[in-house]
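Enquirer: What follows is a single structure, and I will ask about it in a moment.
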Amino acid sequence: MQDRLHVKKDGQIIYDICFNNSFDALSDELSALSYDSSVKIMIVTDTNVAPLYLEELKNSLINSFPNLFCYTFEAGEENKNLSSINEIYESLIINKFERRDILIALGGGVTGDMTGFAAATYLRGVDFIQIPTTLISMSDSSIGGKTGVDFKSYKNMVGAFHMPRLVYMNFSLLKSLPKRELCGGMGEVIKHGYIKDKALLKRLYECKESILKCDEDVLGEIIFANCNIKRAVVENDPTEKGERALLNFGHTGGHAIEKLMNFSLLHGECVALGMCVAAYISYKRGNITKEDYKQLKEILTEYNLPTEITPDGFNAINVIQTMKSDKKMDKGSLKFILLQEVGNAIVDKTVTDNEIEEALLTVLK
Numbered sequence: 023m024q025d026r027l028h029v030k031k032d033g034q035i036i037y038d039i040c041f042n043n044s045f046d047a048l049s050d051e052l053s054a055l056s057y058d059s060s061v062k063i064m065i066v067t068d069t070n071v072a073p074l075y076l077e078e079l080k081n082s083l084i085n086s087f088p089n090l091f092c093y094t095f096e097a098g099e100e101n102k103n104l105s106s107i108n109e110i111y112e113s114l115i116i117n118k119f120e121r122r123d124i125l126i127a128l129g130g131g132v133t134g135d136m137t138g139f140a141a142a143t144y145l146r147g148v149d150f151i152q153i154p155t156t157l158i159s160m161s162d163s164s165i166g167g168k169t170g171v172d173f174k175s176y177k178n179m180v181g182a183f184h185m186p187r188l189v190y191m192n193f194s195l196l197k198s199l200p201k202r203e204l205c206g207g208m209g210e211v212i213k214h215g216y217i218k219d220k221a222l223l224k225r226l227y228e229c230k231e232s233i234l235k236c237d238e239d240v241l242g243e244i245i246f247a248n249c250n251i252k253r254a255v256v257e258n259d260p261t262e263k264g265e266r267a268l269l270n271f272g273h274t275g276g277h278a279i280e281k282l283m284n285f286s287l288l289h290g291e292c293v294a295l296g297m298c299v300a301a302y303i304s305y306k307r308g309n310i311t312k313e314d315y316k317q318l319k320e321i322l323t324e325y326n327l328p329t330e331i332t333p334d335g336f337n338a339i340n341v342i343q344t345m346k347s348d349k350k351m352d353k354g355s356l357k358f359i360l361l362q363e364v365g366n367a368i369v370d371k372t373v374t375d376n377e378i379e380e381a382l383l384t385v386l387k
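Residue numbers (the numbering used here): 23 to 387.
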């Protein structure tokens, strides 16, 4: 495995994804980006991650970058909102952050989205660094420059595209990840295999035990493969005008279920359910075989991801209605990601309510 991937735009490198097993190289990476000791750094993290890694990160930077500040917010999707962003703005203003200064997102997808959005909008845009701490953020959400927050109960409805200056991955951070969080992250990993890389799915079957034991070398290999898929898609479609929409496989139904379950399920768990819905429609349309559909459910089960749930006061019609309030609507049509075949996804705007309802009844038990 290489120690970095370059993310490019129009053939020019816009940022690197660096792979490491510690924070030892981080100061050198920042110096290589022309940041000097006078720059101010605001580390944004949450109450789950701060006790685990904040001091370690600060200690790795303090000698080269003494102007360190921290903002810690209460962990949880329910705090991914404009009120939390306002508090980040206030902290930046009080500490006199200028356009030359930088933010660091230390955490999972919620932290990365919030920090990126704050960076995109503070003083009309400042630099930020992604330091993902979860499997789902390492393999997916830290890459590509999508930032945003939830608006009331609507997920990621307010946001901006704002590319990081660096994504720095420290695989050792995964050791403290609870097993459910690790398995939740596998939802996005499996998604990448189904939309772009059939060989990755085979590898996930072969390495299941090592992955579930959090073997750093094996997880590093899997994360690298996922980052490479995400990198290629983002380079081809940085602002989601076409191919990048394929990354939403499982998300159309998943986001709706996530909202209706009041975020009691992890994002990756909801994506798993959404993939079951999309794969069922793909099977019924004759795109994939019944065996392909069964194998998708099997690999999700192997990684302790749900393939069905008991609804908490809602039904298939409620899910469809919620889907239609999602940002994935396009000119009044629901944009669904289906499988043309395993390893090859397509965007489809012709999926009917009846097809969706039938598919949802296979997961809502």
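The C-beta atom is built at its ideal place from N, Cα and C for all residues, glycine as well.
Do T155 and V71 count as a contact pair if the criterion is CB distance below 8 Å?
Expert: Numbered from 1 along the sequence shown, position 49 holds the residue referred to as residue 71. Numbered from 1 along the sequence shown, position 133 holds the residue referred to as residue 155. Yes. Within cutoff.
Enquirer: Tell me the rounded alpha-carbon separation between D68 and L288.
Expert: Start at 1 with the first residue of the sequence shown, and residue 68 comes out as number 46. Start at 1 with the first residue of the sequence shown, and residue 288 comes out as number 266. Using only the alpha carbons, I get a separation of about 17 Å.
Enquirer: Alpha carbon to alpha carbon, how far is G272 from A338? Give it in angstroms, no decimals.
Expert: Indexing the sequence shown from 1 puts residue 338 at position 316. Indexing the sequence shown from 1 puts residue 272 at position 250. Taking the straight line joining both Cα atoms gives about 16 Å.
Enquirer: Enumerated in chain order, which unbroken segments of the alpha helix (DSSP H) with a length of 4 residues or greater are wholly contained in the segment 280-351?
Expert: With a minimum length of 4 residues, the continuous alpha helix (DSSP H) runs that stay inside the segment 280-351 are 289-306, 312-324 and 338-345.
Enquirer: Taking buried to mean at least 16 other C-beta atoms within 10 Å of its own C-beta, is Q152 buried or exposed?
Expert: Walking along the sequence shown from the start, residue 152 turns up at place 130. Buried, because 16 or more other Cβ atoms sit within 10 Å of the Cβ of Q152.
Enquirer: Since L360 sits in a beta bridge, which residues does DSSP pair it with?
Expert: If you number the sequence shown from 1, residue 360 lands on position 338. DSSP output for L360 lists I368 as bridge partner(s).
Enquirer: Among residues of its own chain, excluding the 5 on either side of H28, which ones have a beta-carbon nearer than 7 Å to its beta-carbon?
Expert: As a first step, residue 28 must be located in the sequence shown, where it is residue number 6. Same-chain partners within the cutoff: I35 and D38.
Enquirer: Using a threshold of 8 Å, state whether the C-beta atoms of N248 and S44 are closer than that.
Expert: By one-based count along the sequence shown, residue 248 stands at place 226. By one-based count along the sequence shown, residue 44 stands at place 22. Their beta carbons are not under 8 Å apart, which means N248 does not touch S44 by this criterion.
Enquirer: Tell me the rounded alpha-carbon separation between S355 and N81.
Expert: Residue mapping note: residue 355 aligns to position 333 of the sequence shown, counting from 1. Residue mapping note: residue 81 aligns to position 59 of the sequence shown, counting from 1. Cα to Cα, S355 sits roughly 51 Å from N81.
Enquirer: Under the three-state reduction of DSSP, which class applies to P12: helix, strand or coil?
Expert: Given that the chain is displayed from residue 23 to residue 387, the structure contains no residue 12 and the question cannot be resolved.
Enquirer: Please identify the residue among S105, S194 and N103 whose C-alpha is closest to the C-alpha of L74.
Expert: The residue given as residue 74 occupies position 52 in the sequence shown. The option with the nearest alpha carbon to L74 is S194.
Enquirer: Within its chain, find whatever has a CB closer than 6 Å to the CB of L322; leave out the 5 residues flanking it on each side and keep chain order.
Expert: On the sequence shown, residue 322 is found 300 positions in, with the first residue counted as 1. Only A294 and T329 meet the Cβ criterion.
Enquirer: Below 8 Å CB to CB, which residues in the same chain sit around N85 once its five sequence neighbours on both sides are set aside?
Expert: Walking along the sequence shown from the start, residue 85 turns up at place 63. Around N85: S49.
Enquirer: I need the DSSP call for K355, collapsed to helix, strand or coil.
Expert: Locating residue 355 in the sequence shown gives position 333, where the first residue counts as 1. The sequence given here has Ser at residue 355, not Lys. If DSSP states are grouped into helix, strand and coil, S355 belongs with the strands.
Enquirer: To the nearest angstrom, how far is it from the Cα of G131 to the Cα of S106?
Expert: Working through the sequence shown from its first residue, we reach residue 131 at position 109. Working through the sequence shown from its first residue, we reach residue 106 at position 84. Their Cα atoms are separated by approximately 15 Å.
Enquirer: Determine the DSSP secondary structure at C92, reduced to helix, strand or coil.
Expert: Locating residue 92 in the sequence shown gives position 70, counting from the first residue. C92: strand per DSSP, three-state reduction.
Enquirer: By Cβ distance, which residues of its chain are closer than 6 Å to L318, with the 5 residues on each side in sequence left out?
Expert: Numbered from 1 along the sequence shown, position 296 holds the residue referred to as residue 318. Cβ within range, chain order: A301.
Enquirer: What do you get for A221, buried or exposed, if any count of 16 or more other CB atoms within 10 angstroms of its CB means buried?
Expert: Residue mapping note: residue 221 aligns to position 199 of the sequence shown, counting from 1. Exposed: under 16 other Cβ atoms inside 10 Å.
Enquirer: Please identify the residue among L361, E265 and P333 whose C-alpha is closest to the C-alpha of T311.
Expert: To locate residue 311, count along the sequence shown from 1; it is residue 289. Comparing Cα-Cα distances from T311 to each of L361, E265 and P333, the minimum goes to L361.
Enquirer: Within 10 angstroms of the Cβ of S163, are there 16 or more other Cβ atoms? Answer buried if so, exposed if not.
Expert: Numbered from 1 along the sequence shown, position 141 holds the residue referred to as residue 163. Its Cβ being crowded by 16 or more others within 10 Å, S163 is buried.
Enquirer: Using the DSSP secondary-structure output, state which residues sit across from V171 in a beta bridge.
Expert: Here the question's residue 171 lines up with position 149 in the sequence shown. Bridge partners of V171: V180.
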